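Undergrad:
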Amino acid sequence: MNDTLRIKVESLVATIPVGRVMTYGQIAALCGSPRAARIVGGIAHYGDPELPWHRVVNKKGGLASGYHGGRHTQKEHLEAEGVVVHGEADSYWVDVEELLWWPEK
DNA sequence: CGAGTGACCGCAA
DNA sequence: ATTGCGGCCACTC
Numbered sequence: 012m013n014d015t016l017r018i019k020v021e022s023l024v025a026t027i028p029v030g031r032v033m034t035y036g037q038i039a040a041l042c043g044s045p046r047a048a049r050i051v052g053g054i055a056h057y058g059d060p061e062l063p064w065h066r067v068v069n070k071k072g073g074l075a076s077g078y079h080g081g082r083h084t085q086k087e088h089l090e091a092e093g094v095v096v097h098g099e100a101d102s103y104w105v106d107v108e109e110l111l112w113w114p115e116k
């Protein structure tokens, strides 16, 4: 099977509905490697720029650090989709428990 | 081809 | 409570 982590991760991220978010650890766990959260981050950095990586947040609900264009851009995208983003200029966070989305649960 | 790095998470001291 | 380290896979230099 050619279903590498990267393919699975990209598939999941591409399936995240608008107004919903997922965590790196969650995506990694669904891909079969609960410890491969860093890989998800790596794929996000090297992977498809068309995928909604701005809907992917860390366990703390905080937005990623090296987003293309800056964290500010990511917050704008989330708010534009109806997601309530809290925090200040360098510390954005969302209600992960409220917006966390599961593909089959 | 070989080695290092990466947008993370969880546990231990 | 905080700090430090290990672990996973893929991609770039």
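For what it's worth, our numbering labels the leading residue of the first sequence as 12, then goes sequentially. We put the beta carbon where it would ideally sit given N, CA and C, even for glycine. Just so you know, these numbers come straight off a predicted model, no measurement behind them.
(1) Run the CB neighbour count on Trp64, radius 10 Å, all protein chains shown included, and call it buried at 16 or more, exposed below.
(2) Which whole-angstrom value is the C-beta distance of Val24 and Val68, which I expect to be below 8 Å?
(3) For Val107, which residues of its own chain have a beta-carbon under 7 Å away from its beta-carbon, when the five flanking residues on both sides are left out?
(4) Measure the alpha-carbon distance for Thr15 versus Glu87 and round it to whole angstroms.
(5) Identify whether Glu115 lies in helix, strand or coil by the three-state DSSP scheme.
(6) Leaving out five residues before and five after Glu92 in sequence, what residues of the same chain have Cβ atoms less than 7 Å from its Cβ?
TA: Answer, in terms of the structure:
(1) buried
(2) At roughly 12 Å, the Cβ-Cβ gap does not stay under 8 Å, so Val24 and Val68 are not in contact.
(3) Val32, Thr34, Val68, Gly72
(4) 31 Å
(5) coil
(6) Val29, Gly30
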